[in-house]
Each structure stands twice: as structure tokens, then as C-alpha cells.
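All residue numbers for the sequence shown refer to the UniProt record's numbering, where the first residue is 1 and numbers rise by one.
Heads up, the thing below is written out as C-alpha cells.
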Amino acid sequence: ETDAGKNGMEVMWNLLTSTNHEWTNSPILLSALKPLLLRLCARYLLQEKKRGKALDSVANFHLQNGAVCVEPY
Numbered sequence: 001e002t003d004a005g006k007n008g009m010e011v012m013w014n015l016l017t018s019t020n021h022e023w024t025n026s027p028i029l030l031s032a033l034k035p036l037l038l039r040l041c042a043r044y045l046l047q048e049k050k051r052g053k054a055l056d057s058v059a060n061f062h063l064q065n066g067a068v069c070v071e072p073y
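In C-alpha cells, the structure reads:
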């Protein structure tokens, strides 16, 4: 399937939900997607909440106990 004419969100959705994960072996794609994926993960872990708690129960446990997220090197 071609991604021509699709917006970035559609392309990302197709990559992440695909049963073919060969794209993870591409250094070019990984370097292009890494900053976006890190931002999305940080947003999910730190900002997306339900009743004032992180949506991810493990993240919530650790964040409630003082854990912090730092930018990886």
C-alpha cells in the first residue's frame, strides 16, 4: 500500500498498527521518527490523564512516587 496523498498522522498510524514491522530496521526512518515518538510517549505518560492520574498505571505509580522523565541522550 502506498502512503502517497496521506497526511503524517495517517502514515504514522499505518506504521504503528501494521503487522509488518520491517520499517524498524531502517536507520533513516528511525532517526526521522525517534523525536516524534519520544514526544508522543512523553505526552502520553506525563500529560494524558484520567481523574488527575496518568492513564498508564505503571507510569502513574512511579510518577506518584516522585519519578521524573528526562530527555534521553
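Backbone N, C-alpha and C define an ideal beta-carbon position, used for all residues, glycine too.
For clarity, every value in this text was computed on a predicted model and none was experimentally measured.
Output needed for residue i: all residues of its chain with C-beta closer than 6 Å, excluding positions within five of it in sequence on either side, in chain order.
{"i": "Leu29", "result": "Trp23"}
Nearest-angstrom Cα distance between residue i and residue j?
{"i": "Val11", "j": "Cys41", "result": "17 Å"}
{"i": "Leu38", "j": "Glu71", "result": "9 Å"}
{"i": "Gly52", "j": "Val68", "result": "17 Å"}
{"i": "residue 78", "j": "Asn65", "result": "Here the chain covers residues 1 to 73 and nothing more, so residue 78 does not appear."}
{"i": "Asn7", "j": "Ala32", "result": "16 Å"}
{"i": "Ala54", "j": "Lys34", "result": "22 Å"}
{"i": "Val58", "j": "Gln47", "result": "14 Å"}
{"i": "Glu20", "j": "Pro27", "result": "The sequence as given places Asn at residue 20; Glu does not occur at that position. Looking at the two C-alpha atoms, the distance is approximately 16 Å."}
Tell me the DSSP secondary structure of residue i in three-state form.
{"i": "Lys6", "result": "coil"}
{"i": "Ala32", "result": "helix"}
{"i": "Ala67", "result": "coil"}
Would you say residue i faces chain B, with C-beta separation under 7 Å as the test?
{"i": "Gln64", "result": "Here chain B cannot be found, since the structure has a single protein chain."}
Who are the Cβ neighbours of residue i in its own chain at under 8 Å, not counting the five residues just before and after it?
{"i": "Asp56", "result": "Tyr44 and Leu45"}
{"i": "Asn60", "result": "Lys53 and Ala54"}
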